[in-house]
Structure formats: C-alpha cells, structure tokens
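*Asks:* Here's a structure for you.
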Amino acid sequence: TVEMMLGLESYIPMYMTGQISPYYLKSVRSSGFLHLLKTSGAAALFGTAVAGHHAKGEYRLTKNREEVSFYNEMSRDLLKKALPLMDIYRESSSSSFRAFLNTDAEKPGKRRNILSSLPLYTADREFLEKFLSSRNAEKVEAENILTAAAEQRARVEKILESGEISDEICELSEAAFMQNPMTLSAFDSFTEKELVYTYEEYTEHLARTREFAKTHPNYSVVSSDGFAFRNLRISINEGNWAMVSKEKSPAIHFVIRHPRLRTAIENFIPPIVEK
C-alpha cells in the first residue's frame, strides 16, 4: 500500500491538469492475450501480446486518417464500458467535495482515518482563532479554515450518532517534534499555506483530541511515535470508499471505490500503539 500511495502521488501533477481521468473495466476476464490501444487526434497505436511476453508483441503505429478514426471510435466504445477509477476533487470542485462529505455523513458505516496531523474538528473555534491570529493569517484564509473546522465537527457529530470513527495520529515527543514540526491540518479548506504548531500548541490540541474521545464513546484515537505519511491523509468508510488526500502544492482529494484498490488501502496497517 505504501508503494501504491507513492505511485498515486507521482500521478498528481498530471491529474491536476484536468486533462487525464483514470477509468477501469469492472469485469475483465483473464486471457492469455493482452491488448494496447492509444489514440490521439493525429495518430493511433494498437498492439497485442501474449501475457508476460510484451517484448515479443506486435505493435502498430498509424497516422492514416481512416484508421485513426476507426481506433478513436474503438476507444470511445471502450470508455463507455468503463467506470471512473476515482473521483478527483481539486480546489475548483470544493463545493462538490463538501456535498459528497455531507451526503456521506448521513450514511451508516465504520470510518477510519490515518492522519499526518491532528484532526481539525477536535480543536474548538477559540483555539483556532488564537492560532490563526498569532500567524497573521489573511481574513479569507482564516475564515476558510474556521468554516472547514465547523463543517467537519458537524459531520463527525452526525456520524457518531450511529457509527464509529477511529483516528490514527502521530504522538511526538518534544525532541521529535523539533526535528519534524507538525502543521495544522487544513485539507478540506484547500489552504496550501503551511501553518506550523509550536510544541505548546500541539500538546494543547492533542489534549483536546483526547478529551473529545472521552466525551464521544464512538470515537477513538490510536497513536504512534512516527509518521506513516508526511503529506497524505487516508480516510476510509469501510466497504464503501477510501480517500487519499494530499495537503500541499496542490491540495487534492482522490475518492476511490475500485474494490481492489479500496481493499488494499483498508488493509494498510501502520505501526500503531493504542492509548
């Protein structure tokens, strides 16, 4: 799963262009033969090979107008049979992203989050206002973060009425924190500016997270002394979807429903110690 996360991260710049969308075929019978089809407006590449023997395959590149038209039509027909590999949310689709999260909060399910920072919703407005003010955050940026925190809290409270949430966090000693300071989690606000905690702010927010767990029986916190990922958050609604979020440069969210990919992410177990 770590390799899959790194592979996904390497594709992020291409996905950010909006010119590439991943799809998959739901039911593909295994075969001894593999086929390749790549098309553009000016050329098409078609090939076939025996599985495991790609180097001995036959590949044909054509710029013939009629043949390119034929292969383009073939690729469109193939795409009609495919399903989106993932839903991709960028800053430009933030409204759709919030709508997805709000709708999902109404549904039953067991949630699990693997976090690179502390959960934003366990910090109250007073803490966040003080935190943002001390960093001279711009008004719009601060309001975006405060709004995202309030929306997260509302969704979490709704989910916890009938479901469970487990957050896996990194609990750092002061020495470890000074080596790798933690930043405020602002994934959902699409804020790309790094807002770094002081160690005192970090421990205060950690204490608030522990208190949140005490007052919400269906919420639990699991901690480790190291980061599973530095710039990624994994959110899981077991059996339904898995979301991989990248916070900075650029902020982007991938919601994955493909059964094999989703299951691989669900089964990812970082080194953790429950406290």
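In terms of the numbering used here, the sequence shown opens at residue 504 and continues consecutively.
For glycine and all other residues, C-beta sits at the position ideal for the given N, C-alpha and C.
All values derive from a computational prediction rather than experimental measurement.
On the premise that Ala552 lies in contact with Lys559, defined as a C-beta separation below 8 Å, what is that separation, rounded to the nearest angstrom?
*Replies:* Confirmed, Cβ separation roughly 7 Å.
*Asks:* Which of helix, strand or coil does DSSP assign to Asp607?
*Replies:* Reduced to three states, the DSSP call for Asp607 is helix.
*Asks:* Could you check whether Ala657 and Asp691 sit closer than 8 Å to each other, using their CB atoms as the reference points?
*Replies:* Taking 8 Å as the Cβ cut-off, Asp691 and Ala657 do not qualify as a contacting pair.
*Asks:* If you measure between the beta carbons of Asn760 and Ser748, is that distance less than 8 Å?
*Replies:* A small fix is needed here, since residue 760 is Arg in this sequence, not Asn. Going by C-beta atoms, Arg760 is not nearer than 8 Å to Ser748.
*Asks:* Consult DSSP for Arg736 and reduce its assignment to one of helix, strand or coil.
*Replies:* Three-state DSSP puts Arg736 in a strand.
*Asks:* List the endpoints of the continuous alpha helix (DSSP H) containing Asn575.
*Replies:* Residues Arg568 to Lys583.
*Asks:* Helix, strand or coil, according to DSSP, for Met589 in the structure here?
*Replies:* Correct three-state label for Met589: strand.
*Asks:* Buried or exposed: Arg628, going by 16 or more other Cβ atoms within 10 Å of its Cβ?
*Replies:* Classification of Arg628: exposed, given that the 10 Å Cβ count is below 16.
*Asks:* I believe Ser669 touches Arg711 by the beta-carbon criterion, under 8 Å. Please report the beta-carbon distance rounded to the nearest angstrom.
*Replies:* Not really, about 17 Å apart at Cβ, beyond 8 Å.
*Asks:* DSSP on Ser620, reduced to helix/strand/coil?
*Replies:* Three-state result, Ser620: coil.
*Asks:* Are there 16 or more other CB atoms within 10 angstroms of the CB of Asn770, so buried, or fewer, so exposed?
*Replies:* Exposed is the call here.
*Asks:* Hey, would you say Ile648 sits closer than 8 Å to Leu631, going by beta carbons?
*Replies:* Yes.
*Asks:* Roughly how many angstroms lie between the CA atoms of Tyr702 and Val725, to the nearest whole one?
*Replies:* Looking at the two C-alpha atoms, the distance is approximately 20 Å.
*Asks:* Which of the three DSSP states is assigned to Phe771 in this structure?
*Replies:* Three-state result, Phe771: coil.
*Asks:* Taking its Cβ as the centre, do 16 or more other Cβ atoms sit within 10 Å of Asn605, making it buried, or is it exposed?
*Replies:* With fewer than 16 Cβ atoms within 10 Å of its Cβ, Asn605 is classed as exposed.
*Asks:* Per DSSP, Asp494 forms a beta bridge with which residues?
*Replies:* With the chain running from 504 to 778 in the structure shown, residue 494 is simply not present.
*Asks:* How many Å lie between Glu777 and Ile672 at the Cα?
*Replies:* Note that Glu777 scores a pLDDT of 41, beneath 50, so its modelled location is shaky and nothing firm can be said.
*Asks:* Excluding the 5 residues preceding and the 5 following Ile775 in the sequence, name in chain order all residues of the same chain whose CB lies nearer than 8 Å to its CB.
*Replies:* In this prediction, Ile775 has a pLDDT of 45, which is less than 50 and means its spatial position is unreliable; what the coordinates show is noted afterwards. Cβ within range, chain order: Glu671, Val725, Ser726 and Ser727.
*Asks:* So what's Tyr518 in DSSP terms, helix, strand or just coil?
*Replies:* Helix at Tyr518.
*Asks:* When the distance is taken between beta carbons, is Glu750 closer than 8 Å to Ala689?
*Replies:* A contact, by the Cβ cut-off of 8 Å.
*Asks:* When the distance is taken between beta carbons, is Ala547 closer than 8 Å to Phe536?
*Replies:* Cβ distance not < 8 Å, so Phe536 and Ala547 don't count as in contact.
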